[in-house]
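A.B. asks: Using UniProt numbering, the first residue of the sequence shown is number 1, and each one after it goes up by one. I have a structure I would like to understand better, so I am pasting it below and will then ask my questions one at a time.
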Amino acid sequence: MTQYTARLGARRGAPHKRWSVGRRVRRVAMLSVHTSPLHQPGTGDAGGMNVYIVELAKRLAERDVEVEIFTRATRGGLPPTVEITPGVLVRHVDAGPYEGLAKEELPAQLCAFTHGVMQAWAHHRPGHYDLVHSHYWLSGHVGWLAAERWGVPLVHAMHTMAKVKNASLATDDCPEPAARVIGETQIVAAADRLIANTEEEAGELVRHYDAAPGKVAVVHPGVNLDRFRPEPGRAAARARLGLPQDAVIPLFAGRIQPLKAPDVLIRAVAVLLDEDPSLRDRLIVPVVGGPSGSGLAKPEALHKLAARLGVCDVIRFHPPVDQDRLADWYRAATVLVMPSYSESFGLVAIEAQACGTPVVAAAVGGLPVAVRDGHTGFLVPGHDPHDYAAALRRFLDHPHLSDSLGEAAARHARGFGWDTAAADTAEVYAAAMSEHRRHLRSPHGTHA
Ligand code: UDP
């Protein structure tokens, strides 16, 4: 973990400071209003943030930090609490109708959600939670109030930011509303600490939202290295998935929406087939995931595009799969393709690499951290399908490239374990706690 200002200071030649470590955090109220850590990622509102919360919470619990995750109940009959593992509890909060409420409509339910959180807290002795960690701006608003009411620090992670998304929208995508920008700005001001996935995101918080650099810490997300590993290898994975051993397989995995640009891969495949129709016999392009975000409005759009471009025979759509199955898809692939318009980190890029598969990705957001250009894959500037076709052609022209880059990719991914992410997050918590306490003791402190 790095403190953003410390990194800036180091660049200017100033000494590299570390935060002082204060009293230990024993119990965290983690807020995930709009999506449950129990949902299947890869479709709808469930994606990297869900994986992030579950993995982080488990590793924090292993470090004796209990985590209670509050999330909105999205169907009837859910138990009030679910224990994921000892020390990690999911609390279902009733706030609005169970089904049929889009994420965009959730601001109207934040008061009800906060009420639910407060009710859970009221059953405990004072001081039950040492800290609030909110994820995504909707949770930040609940966290803002809860942290102030409980007299504890608020640590917030944006995951995505409206201003950043709006700055690089796909042509057929809709911009995030101004209300979200205002909401995010308020949280940046209210939070004691902001956790950014990369230096790039830390800079965006400072530049676009006027975050105090001293509040921003960079913690790289992780990858579950027990699940995502190269063994038992490509041949076994292809056999398990019923895929031919000699096929060239560029894979897309993730939520299907304009922001992730699976259409760019489909167009790139059409370019490749135009240039060399004989490829048809050995090219298979799986698209694994379900519709999400603005992609929900036109779930058939990609199928129609593939039909229009005459590539239906090579594109294979698959619904989202659990992560053990997904690991097989990564291993089976020649290369993972991630042409996203915006990505705060891009977990699938690091997961695929952990499985020994190189990545062709857009050079946006956190992807230049996740992918080492020329070593573990290729970064492509922009979204021109011809450029992606050119990157894919390298794998066709050099059949051993996938293995050689893949080995480097697996080594690179081993630097991104969740244990490190949890240790760094615990350090951010400790710093937030000690500063919060100092503030309480200060005659100018605003907390009563
Ligand atoms: N994922 C999954 N099954 C699928 C497709 C994706 O479990 O069929 C998971 C994947 O393992 C990754 C997450 O969904 O952890 C997507 O995270 P990423 O950061 O790539 O994108 P986000 O959804 O956050 O935009």
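Heads up, the beta-carbon is just placed ideally off N, CA and C, and yes, glycines get one too.
Just list the beta strand (DSSP E) runs in the region 117-199, keeping only unbroken ones of 3 residues or longer that don't cross its boundaries, in chain order.
C.D. replies: Listed in chain order, the complete beta strand (DSSP E) runs (minimum 3 residues) inside the region 117-199 are 131-135, 154-157 and 193-196.
A.B. asks: State the beta-bridge partners of Gly417 as determined by DSSP.
C.D. replies: Bridge partners of Gly417: Val223.
A.B. asks: For a test of the three-state rule: what should DSSP assign to residue 462, helix, strand or coil?
C.D. replies: This structure gives no information on residue 462, because the portion of the chain shown stretches from 1 to 448.
A.B. asks: What runs of the beta strand (DSSP E), each 3 residues or longer, lie entirely inside the region 43-68?
C.D. replies: Complete beta strand (DSSP E) runs here, min 3: none at all.
A.B. asks: According to DSSP, is His400 helix, strand or coil?
C.D. replies: The answer is coil: DSSP assigns His400 none of H, G, I, E or B.
A.B. asks: With DSSP as the reference, label Glu343 as helix, strand or coil.
C.D. replies: It is coil, neither helix nor strand.
A.B. asks: Going along the chain, which residues of its own chain have a beta-carbon closer than 7 Å to the beta-carbon of Val371, five neighbours each way excluded?
C.D. replies: Same-chain partners within the cutoff: Ala349, Val359, Ala361, Gly377 and Leu379.
A.B. asks: Just how far apart, CA to CA, sit Glu231 and Cys355?
C.D. replies: Straight-line Cα distance between these residues: approximately 7 Å.
A.B. asks: Would you mind working out which of Ala430, Ala333, Ser340 and Pro213 sits nearest Gly406, comparing C-alpha positions?
C.D. replies: Selected option, being the one with the closest Cα: Ala333.
A.B. asks: Below 8 Å on the Cβ atoms is my contact criterion, and I expect Asp130 with Arg26 to pass it. Report the Cβ-Cβ distance as a whole number of Å.
C.D. replies: About 6 Å separates the two Cβ atoms, so the contact holds.
A.B. asks: Which term fits Glu176, buried or exposed, when burial requires 16 or more other beta carbons within 10 angstroms of its beta carbon?
C.D. replies: Burial call: buried.
A.B. asks: Does the distance from the C-beta atom of Lys260 to that of His208 stay below 9 Å?
C.D. replies: No; because the gap between Cβ atoms is not below 9 Å, this pair is not in contact.
A.B. asks: Say yes only if the C-beta of Leu241 is nearer than 8 Å to one or more non-hydrogen atoms of the ligand UDP, and no if none qualify.
C.D. replies: Because no heavy atom of the ligand UDP lies under 8 Å away, the Cβ of Leu241 does not count as near it: no.
A.B. asks: Pick out whichever of Leu241, His400 and Val219 has its Cα sitting closest to the Cα of Gly417.
C.D. replies: The option with the nearest alpha carbon to Gly417 is Val219.
A.B. asks: Of the residues Arg437, Tyr429 and Ser442, which one's Cα is nearest the Cα of Glu66?
C.D. replies: If we check each option's Cα against that of Glu66, Tyr429 comes out closest.
A.B. asks: Can you tell me the Cα-Cα spacing of Ala170 and Ser344, whole angstroms?
C.D. replies: Going by the C-alpha atoms only, they are around 16 Å apart.
A.B. asks: Can we count Pro41 as close to the ligand UDP, meaning its CB is less than 8 Å from some heavy atom?
C.D. replies: Flag set: Cβ of Pro41 near the ligand UDP.
A.B. asks: Note down, one range per segment and in chain order, each alpha helix (DSSP H) of at least 4 residues found wholly within the region 364-395.
C.D. replies: Entirely contained in the region 364-395, the alpha helix (DSSP H) runs reaching 4 residues are, in chain order, 367-370.
A.B. asks: If you compare alpha carbons, which of Gln119, Thr85, His141 and Pro258 is closest to Asp172?
C.D. replies: Measuring from the Cα of Asp172, the nearest candidate turns out to be Pro258.
A.B. asks: Look up Val348 in the DSSP assignment and say whether it is helix, strand or coil.
C.D. replies: Val348: helix per DSSP, three-state reduction.
A.B. asks: Rounded to whole angstroms, what's the CA-CA distance from Ser442 to Pro126? Just pull it up for me.
C.D. replies: If you take the alpha carbons of Ser442 and Pro126, they lie about 22 Å apart.
A.B. asks: Figure out for me which residue from Trp144, Arg149 and Lys165 has the closest Cα to the Cα of Gly155.
C.D. replies: A small correction: the amino acid at residue 155 is Val; Gly does not occupy that position in the sequence shown. Ranking the options by Cα distance to Val155, first place goes to Trp144.
A.B. asks: So the candidates are Arg437, Glu68 and Gly96; which of them puts its Cα closest to the Cα of Thr74?
C.D. replies: Comparing Cα-Cα distances from Thr74 to each of Arg437, Glu68 and Gly96, the minimum goes to Gly96.
A.B. asks: For Glu275, report the span of its alpha helix (DSSP H) as first-last.
C.D. replies: Pro262 to Glu275 is the span of the alpha helix (DSSP H), which, as asked, contains Glu275.
A.B. asks: For the candidate residues Arg316, Asp387 and Gly290, whose alpha-carbon lies nearest to that of His39?
C.D. replies: Among Arg316, Asp387 and Gly290, the Cα nearest to that of His39 belongs to Gly290.
A.B. asks: Can you tell me which of the three DSSP states Ala73 falls into?
C.D. replies: Ala73 falls in the coil class under three-state DSSP.
A.B. asks: I think Leu283 touches Val248, with their Cβ atoms under 8 Å apart; what is that distance to the nearest whole Å?
C.D. replies: Leu283 to Val248, Cβ: 5 Å. Contact.
A.B. asks: Assign Ala270 to buried or exposed, taking buried as 16 or more other Cβ atoms, counted over all protein chains shown, within 10 Å of its Cβ.
C.D. replies: When all chains shown are included, Ala270 counts as buried.
A.B. asks: Assuming the contact rule is C-beta atoms closer than 8 Å, Gln43 and Arg325 should be a hit. Round their C-beta distance to whole Å, please.
C.D. replies: Note that residue 43 is Thr in the sequence shown, not Gln. Not really, about 14 Å apart at Cβ, beyond 8 Å.
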